[in-house]
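**Q** Just remember that the numbering used here sits 24 ahead of the position in the sequence shown, which is counted from 1. The C-beta atom is built at its ideal place from N, Cα and C for all residues, glycine as well. First the structure, which I've put down as structure tokens, then a few questions once you've had a look.
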Amino acid sequence: MASTFRRALVTGSTGFLGHHVVAEAARRGLEVVTAGRRECDVTLDLESVESVAAAVARVAPDLILHVGAMSAMGACAREPERAMRVNGAAVCGFERANARLVHVSTDLVFDGRSAPYLPRSIAAPLSAYGASKLAGERSALACPDALVVRLPLLFGTSFDGRRGATDMLRPDRELTLFINEFRTPLDVADAARALLDFAEFRDRRGIAHAAGPERLSRFEFARRFARLHGLDGSRWRPVVCTDPSRPRDVSLISDWSAPPLDESLARLSP
């Protein structure tokens, strides 16, 4: 469907999700302006609130799709203060924008003890990454026209063939996959559609969830993918996650209707 917005500023446009958000926004007829440190239309440093505010002032969008983040859990654990700057404080740069803000967050703001989670469920992150994303949610919700959209584990086609949950699922690779960490996986292309759909719900503010229709462990997900595509997954080994910073079940109750999981997986090339 055609968008009711004119110009969209997309952060994190070179990332796994951002690449699909840019494509979906353009498909809906939006003028898309990308923002980031490199290979973008506008330079933006997410470690600087001033840089974010300057980019918004320069572009003057009526829609901001804030996808950019410091998303590697290990890096966030090693540099928690930097994660807070990038994922939390930088969002304050959108406060004065005369634009609709759709801010991407994560299921990892939850502790995994009370799944499945609704948007109104109490967030209690276990990791530095989750804590920084929760801080970003709070900054986003201080903006006048904002919707926070929490996303789950994303799978699908990435532009470099390395970033999606399915990119690694090749029969020739030795993989270890958790059997006791549960998510509600969503195709990255569907996630992009959900973000643009939510943007159009002009009266919707606060927090929303966009998640896949099934609760699965990573190992169950991999077996499902292998079965649908006739792959030999014998080199993929089930393991138990013992990391206390990784919540065991962060399955989400979705506000957006995703296609059946098998349909989404069948679209992908192994």
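Is DSSP giving G230 helix, strand or coil here?
**A** For this step, residue 230 is matched to residue 206 along the sequence shown. Residue state for G230 is assigned as strand, using DSSP reduced to three classes.
**Q** Report the three-state DSSP secondary structure of D214 (helix, strand or coil).
**A** For the purposes of this step, residue 214 is taken as the residue at position 190 of the sequence shown. D214: helix per DSSP, three-state reduction.
**Q** Does the stretch 261 to 271 come into contact with the stretch 190 to 207, if we say contact requires no fewer than three beta-carbon pairs (one atom in each stretch) closer than 8 Å?
**A** The stretch 261 to 271 vs the stretch 190 to 207: in contact.
**Q** Using a Cβ-Cβ cut-off of 6 Å (strictly less than) and excluding sequence neighbours within five positions of E63, which residues of its own chain qualify?
**A** Within the sequence shown, numbered from 1, the residue matching residue 63 stands at position 39. Same-chain partners within the cutoff: T38.
**Q** In this structure, does DSSP put G180 in helix, strand or coil?
**A** To locate residue 180, count along the sequence shown from 1; it is residue 156. Of the three classes helix, strand and coil, the one that applies to G180 here is coil, per DSSP.
**Q** Distance check for E287 and T58, CA to CA, integer angstroms please.
**A** Here residue 58 is taken as the residue at index 34 of the sequence shown, counted from 1. Here residue 287 is taken as the residue at index 263 of the sequence shown, counted from 1. Those two C-alpha atoms are separated by around 31 Å.
**Q** Identify whether N175 lies in helix, strand or coil by the three-state DSSP scheme.
**A** Taking the first residue of the sequence shown as 1, we reach residue 175 at position 151. It should be noted that the sequence gives Leu, not Asn, for residue 175. Note: L175 maps to strand in three-state DSSP.
**Q** Leaving out the 5 sequence neighbours to the left and right, which residues in its chain are closer than 7 Å to R82 when beta-carbon positions are compared?
**A** Along the sequence shown, one-based indexing puts residue 82 at 58. Once the five neighbours on either side are set aside, the close Cβ partners of R82 are V66.
**Q** Tell me whether the beta-carbon of R120 lies closer than 8 Å to the beta-carbon of D169.
**A** As a working mapping, residue 120 is identified with position 96 in the sequence shown. As a working mapping, residue 169 is identified with position 145 in the sequence shown. No; because the gap between Cβ atoms is not below 8 Å, this pair is not in contact.
**Q** Please report how far the alpha carbon of I88 lies from the alpha carbon of R31, in whole angstroms.
**A** As a first step, residue 88 must be located in the sequence shown, where it is residue number 64. As a first step, residue 31 must be located in the sequence shown, where it is residue number 7. Those two C-alpha atoms are separated by around 9 Å.
**Q** Runs of 3 residues minimum, wholly inside the stretch 66 to 127: which ones carry the beta strand (DSSP E) assignment?
**A** Taken in chain order, the unbroken stretches of beta strand (DSSP E) that lie wholly in the stretch 66 to 127 and span 3 residues or more are 87 to 90.
**Q** Rounded to whole angstroms, how far is the Cβ of P326 from the Cβ of L175, which I believe are closer than 8 Å?
**A** Since the first residue shown for the chain is 25 and the last is 294, residue 326 is missing from the structure and cannot be characterised.
**Q** Nearest CA to the CA of A50: which residue from S281, L220, P237?
**A** Indexing the sequence shown from 1 puts residue 50 at position 26. Among S281, L220, P237, the Cα nearest to that of A50 belongs to L220.
**Q** By the 10 Å Cβ neighbour count, where 16 or more other Cβ atoms means buried, how is D256 classified, buried or exposed?
**A** As a working mapping, residue 256 is identified with position 232 in the sequence shown. Its Cβ having fewer than 16 others within 10 Å, D256 is exposed.
**Q** Flag this pair as yes or no: are the beta carbons of T28 and V91 separated by less than 8 Å?
**A** What you label residue 28 is simply residue 4 of the sequence shown in a count that begins at 1. What you label residue 91 is simply residue 67 of the sequence shown in a count that begins at 1. Cβ distance not < 8 Å, so T28 and V91 don't count as in contact.
**Q** Please classify P284 as buried or exposed, where buried requires at least 16 neighbouring CB atoms within 10 angstroms.
**A** In the sequence shown, counting from the first residue as 1, residue 284 sits at position 260. Exposed, by the Cβ-count rule.
**Q** Tell me which residue opens and which closes the alpha helix (DSSP H) that E161 is part of.
**A** Residue numbering aside, residue 161 sits at position 137 when the sequence shown is read from its first letter. Looking at the DSSP string, the run of the alpha helix (DSSP H) that includes E161 is 152 to 165.
**Q** Taking all protein chains shown into account, do 16 or more other C-beta atoms lie within 10 angstroms of the C-beta of A207, making it buried, or fewer, making it exposed?
**A** The residue you call residue 207 lines up with position 183 of the sequence shown. A quick correction: the sequence has Arg, not Ala, at residue 207. Per the 10 Å Cβ criterion, buried.
**Q** For a quick check, are the C-beta atoms of A216 and W280 less than 8 Å apart?
**A** The residue given as residue 216 occupies position 192 in the sequence shown. The residue given as residue 280 occupies position 256 in the sequence shown. No, the Cβ-Cβ distance between A216 and W280 is not below 8 Å.
**Q** Just checking my contact of G60 with N111 at CB under 8 Å: how many whole Å lie between their CB atoms?
**A** Indexing the sequence shown from 1 puts residue 60 at position 36. Indexing the sequence shown from 1 puts residue 111 at position 87. With a beta-carbon spacing of about 15 Å, G60 and N111 fall beyond the 8 Å limit used to define contacts.
**Q** Suppose you measure from the CA of R52 to the CA of D135; what does that come to, to the nearest Å?
**A** The residue given as residue 52 occupies position 28 in the sequence shown. The residue given as residue 135 occupies position 111 in the sequence shown. Using only the alpha carbons, I get a separation of about 36 Å.
**Q** By how many angstroms is the C-alpha of E198 removed from the C-alpha of A250?
**A** In the sequence shown, counting from the first residue as 1, residue 250 sits at position 226. In the sequence shown, counting from the first residue as 1, residue 198 sits at position 174. If you draw a straight line from the Cα of A250 to the Cα of E198, it is about 14 Å long.
**Q** So, P104 versus L33, is the Cβ gap smaller than 8 Å?
**A** Taking the sequence shown and counting its residues from 1, the one referred to as residue 104 is at position 80. Taking the sequence shown and counting its residues from 1, the one referred to as residue 33 is at position 9. Contact flag unset, no.
**Q** Start and end of the beta strand (DSSP E) containing R31?
**A** Against the sequence shown, residue 31 aligns to sequence position 7. Membership of R31 in the beta strand (DSSP E) is indicated by the continuous run 31 to 35.
**Q** Can you check whether the CB of T130 is closer than 8 Å to the CB of G98?
**A** For this step, residue 98 is matched to residue 74 along the sequence shown. For this step, residue 130 is matched to residue 106 along the sequence shown. Going by C-beta atoms, G98 is not nearer than 8 Å to T130.
**Q** Using beta-carbon positions only, say whether V76 and A223 come within less than 8 Å of one another.
**A** Position 52 of the sequence shown, counting from 1, holds the residue named residue 76. Position 199 of the sequence shown, counting from 1, holds the residue named residue 223. No, they are not a contact pair.
**Q** Rounded to a whole number of angstroms, what is the C-alpha to C-alpha distance between M192 and P149?
**A** Here residue 192 corresponds to residue number 168 of the sequence shown, with the count starting at 1. Here residue 149 corresponds to residue number 125 of the sequence shown, with the count starting at 1. About 27 Å.
**Q** Report the start-end ranges of each beta strand (DSSP E) in the stretch 228 to 289 that is 3 residues or longer and not cut off at the edges.
**A** Qualifying beta strand (DSSP E) stretches, in chain order: 230 to 233, 260 to 263.
**Q** Name the residue from R291, D267, V274 whose alpha carbon lies nearest to the alpha carbon of I146.
**A** Here residue 146 refers to the residue found at position 122 when the sequence shown is read from its first residue. The option with the nearest alpha carbon to I146 is V274.
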